[in-house]
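In order, the protein sequence lines correspond to chains D and V. Take 6 as the starting number for the first sequence in this note's numbering and just add one per residue. Take 36 as the starting number for the second sequence in this note's numbering and just add one per residue. Structure, as structure tokens:
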Amino acid sequence: MVTCTGCALLCEDIEVVIENDRIKESRNACRRGAARLRGCKNRLAPSFNKMQTDIDTAIKKAAEILKNAKSPMLFGWSNSTCEAQVKGIQLAKKLNASIDDTSSFCQGLLIERVLKKKFRTCSLEDVRNMADVLIYWGSDAQDSQPRHLSRFSVFPRGESRQRGYEEDRLAIAIDVRESNTAKICKGHFYRIPLKGDREFILALMDALSGKVPKYDAKRILELAGIMKKAEFGVLFAGIGLTYSIKEDIDILVSLEDMLPNFHVMPMVGHYNMRGFNEALFKETGFVNRVKFEGKPVHDNKYAVVEALKAKSIDALLIAGSDPLSSLPRSVLPHLASIPVICIDPCVTLTSKIAAVTIPAAASGLECSGSAVRMDGKVIEMSKVVENSYLTDAQILTRLMEGF
Amino acid sequence: MGIDVGKFMKNPEYEIKLTTYRDIFQAEALENDRFSDEYKKHSATVVMGKDGMKKFGLKTGDRVRLMNSYGSIVVELRESKREEPGGLAFMVNSPWSNALVSDETGGRGIPEFKNITARISLTKDEITKIESLIS
Numbered sequence: 006m007v008t009c010t011g012c013a014l015l016c017e018d019i020e021v022v023i024e025n026d027r028i029k030e031s032r033n034a035c036r037r038g039a040a041r042l043r044g045c046k047n048r049l050a051p052s053f054n055k056m057q058t059d060i061d062t063a064i065k066k067a068a069e070i071l072k073n074a075k076s077p078m079l080f081g082w083s084n085s086t087c088e089a090q091v092k093g094i095q096l097a098k099k100l101n102a103s104i105d106d107t108s109s110f111c112q113g114l115l116i117e118r119v120l121k122k123k124f125r126t127c128s129l130e131d132v133r134n135m136a137d138v139l140i141y142w143g144s145d146a147q148d149s150q151p152r153h154l155s156r157f158s159v160f161p162r163g164e165s166r167q168r169g170y171e172e173d174r175l176a177i178a179i180d181v182r183e184s185n186t187a188k189i190c191k192g193h194f195y196r197i198p199l200k201g202d203r204e205f206i207l208a209l210m211d212a213l214s215g216k217v218p219k220y221d222a223k224r225i226l227e228l229a230g231i232m233k234k235a236e237f238g239v240l241f242a243g244i245g246l247t248y249s250i251k252e253d254i255d256i257l258v259s260l261e262d263m264l265p266n267f268h269v270m271p272m273v274g275h276y277n278m279r280g281f282n283e284a285l286f287k288e289t290g291f292v293n294r295v296k297f298e299g300k301p302v303h304d305n306k307y308a309v310v311e312a313l314k315a316k317s318i319d320a321l322l323i324a325g326s327d328p329l330s331s332l333p334r335s336v337l338p339h340l341a342s343i344p345v346i347c348i349d350p351c352v353t354l355t356s357k358i359a360a361v362t363i364p365a366a367a368s369g370l371e372c373s374g375s376a377v378r379m380d381g382k383v384i385e386m387s388k389v390v391e392n393s394y395l396t397d398a399q400i401l402t403r404l405m406e407g408f
Numbered sequence: 036m037g038i039d040v041g042k043f044m045k046n047p048e049y050e051i052k053l054t055t056y057r058d059i060f061q062a063e064a065l066e067n068d069r070f071s072d073e074y075k076k077h078s079a080t081v082v083m084g085k086d087g088m089k090k091f092g093l094k095t096g097d098r099v100r101l102m103n104s105y106g107s108i109v110v111e112l113r114e115s116k117r118e119e120p121g122g123l124a125f126m127v128n129s130p131w132s133n134a135l136v137s138d139e140t141g142g143r144g145i146p147e148f149k150n151i152t153a154r155i156s157l158t159k160d161e162i163t164k165i166e167s168l169i170s
């Protein structure tokens, strides 16, 4: 069995057929997972100043850039193994660098609250065995974590839910768009206007405290009734919800406080985003946006987006992420004026502009390691195919040896 | 021979609200090759409800320019297969949609990826290539 790194479900039940050290065929994986297992078409090659070089020279040049930088940032990490993430944090400490990951503009706000125990949460096995009310809020799991509904939430029989979705479970979607997940929640789809989540939460809180909600009173009262009666409810908080209430994220904590049988689970996309958040939290007490200045300092100015806008970094090492693809173009101009080091298995938009590119083994396929599933469970990944690529962790170790 | 006045007239522009979503077919194309035509096909597309398209005189398959003060892209327009009562337009999250996202964050480090205001107009220009989104 192989572990899939297509998303933070880290499905461990994948069967593969290997031919010429590549995965020719896979079974049980979703469409995205199968594509990830097949591997990308364009592998990254070592380069310096856009000229191909050998791996040793690429690592040496990267070390020189970091050594000469006054305020470097190390970014990415959501597609790296836990072992590489720990090395990345060590490197940031050694350099007095800032370190941030993609959770900074994704689910970091929610994961931070989970790790600080502000939310009551649960495992995906708990969901499968006990959950009777499942709320996908701003989350289209069918497209982002495609086996979530079939492995854990809506469709499986669980210990206390032997009659499955036909009788024992109720799936609800709250979203601005009738997503593929919302289509499955037939009759229980609540469409909200763009940025309308906060108002919806307030209306729901009114209904839960016995007041008549300010809008859509009939449906909100119906939903509040379902949530109150839940024996084991789970609110799967998607990125749509997080973005919409980012200015007042604790309102979700207040809502959960009114629902003693409910649990909140952030729907994480990248396979090991939570792993990085946990590793940095353990080391510093913060999940992202940290600068080491002898001691770790947390500030929004160390968020990758703010640092790029403020032009406050003079070198950027990126491990397993493609900010040119995932960040607004309006915040990117500073990238063109600083040296970028890109560590990745594949050619990306970012690797095209990088001063140094360092190819890495694809984790869970070409190297072993561990990762943290979206619910916090540690999953071990085995090496599946033979290859000669260095792992992220090995590259970072060699970089540190260069100082 | 008369002058083709239409040639010099600017196509009308309409303001729209755009939000982004995820699509598993696009994610598959991303895993395979983010420089592929397949990835471009799934990304460089804007989806609107039938009523909105009718209001703006646009149809499925039209090339449209989406622009605001942060960027300008050309994408293909497609009619939504679903009810879209809010009049919103939709794009799969990608470098194309990110070309229109504001750099305003209120200092919080999270851009408004899902809350984009843009103008839409018919165009004959080519669909924006991914390479032009890098430079």
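In this text, a Cβ means the ideal position worked out from N, Cα and C, and glycines have one as well. Note that the structure is a prediction, hence the values are computed from the model and not measured.
C-beta neighbour in chain C for residue i, strict 8 Å
| i | result |
| --- | --- |
| A134(V) | Reference to chain C is not applicable here, since the protein chains of this structure are D and V. |
DSSP state of residue i mapped onto helix, strand, coil
| i | result |
| --- | --- |
| M278(D) | helix |
| Q90(D) | helix |
| M126(V) | strand |
| M56(D) | strand |
| V302(D) | strand |
| I189(D) | helix |
| Y170(D) | helix |
| V22(D) | strand |
| F194(D) | strand |
| Y49(V) | strand |
| G87(V) | helix |
| G163(D) | strand |
| R117(V) | coil |
| I165(V) | coil |
| A63(D) | helix |
| V7(D) | strand |
| E111(V) | strand |
| S356(D) | helix |
| S368(D) | strand |
Nearest-angstrom beta carbon gap, residue j and residue i [assumed within contact, 8 Å]
| i | j | result |
| --- | --- | --- |
| D253(D) | R203(D) | 6 Å |
| A97(D) | L404(D) | A97(D) to L404(D), Cβ: 11 Å. No contact. |
| R162(D) | L14(D) | That pair is no contact at about 19 Å. |
| A146(D) | F241(D) | 7 Å |
Extent of the continuous beta strand (DSSP E) to which residue i belongs
| i | result |
| --- | --- |
| N392(D) | It is not in any beta strand (DSSP E) - N392(D) carries neither H nor E in the DSSP assignment. |
| M379(D) | Premise fails: M379(D) is in no beta strand (DSSP E) and is neither H nor E. |
| T80(V) | T80 to M83 |
| A242(D) | G238 to A242 |
| P364(D) | V361 to P364 |
| L321(D) | A320 to A324 |
| S156(V) | I151 to L157 |
| Y178(D) | The displayed chain sequence assigns Ala, not Tyr, to residue 178(D). L175 to D180 is the extent of the beta strand (DSSP E) around A178(D). |
| I346(D) | V345 to D349 |
Paired residues, beta bridge with residue i - DSSP
| i | result |
| --- | --- |
| N103(V) | G106(V) |
| S4(D) | Summary: the structure shown does not reach residue 4(D), with chain D confined to residues 6 through 408, and so no result is reported for it. |
| Y56(V) | V127(V) |
| S85(D) | Bridge partners of S85(D): none, in fact. |
| M386(D) | G374(D) |
| S31(D) | V21(D) |
| L139(D) | A176(D) and V239(D) |
For residue i, the first and last residue of its enclosing alpha helix (DSSP H)
| i | result |
| --- | --- |
| S109(D) | Careful: S109(D) lies outside any alpha helix (DSSP H) and carries neither H nor E. |
| H268(D) | Counting along the chain, H268(D) falls outside any alpha helix (DSSP H), though it belongs to the beta strand (DSSP E) covering F267 to P271. |
| I225(D) | A222 to K234 |
| S155(D) | H153 to R156 |
| T310(D) | Looking at the sequence itself, residue 310(D) is Val, so the reference to Thr does not match. First-last of the alpha helix (DSSP H) with V310(D): V309 to A315. |
| I400(D) | D397 to E406 |
| M210(D) | D202 to L213 |
Cβ-Cβ distance between residue i and residue j below 8 Å
| i | j | result |
| --- | --- | --- |
| V99(V) | L157(V) | yes |
| L260(D) | I177(D) | no |
| S109(D) | N277(D) | no |
| I116(D) | P364(D) | no |
| T355(D) | D327(D) | yes |
| A208(D) | I225(D) | yes |
| V109(V) | T152(V) | no |
| R43(D) | I28(D) | yes |
| T10(D) | S373(D) | no |
| K92(D) | L401(D) | yes |
| A366(D) | C87(D) | no |
| P151(D) | I59(V) | yes |
| A63(D) | V352(D) | no |
| L175(D) | H193(D) | yes |
| E183(D) | E118(V) | yes |
| L53(V) | A124(V) | yes |
| F91(V) | Y56(V) | no |
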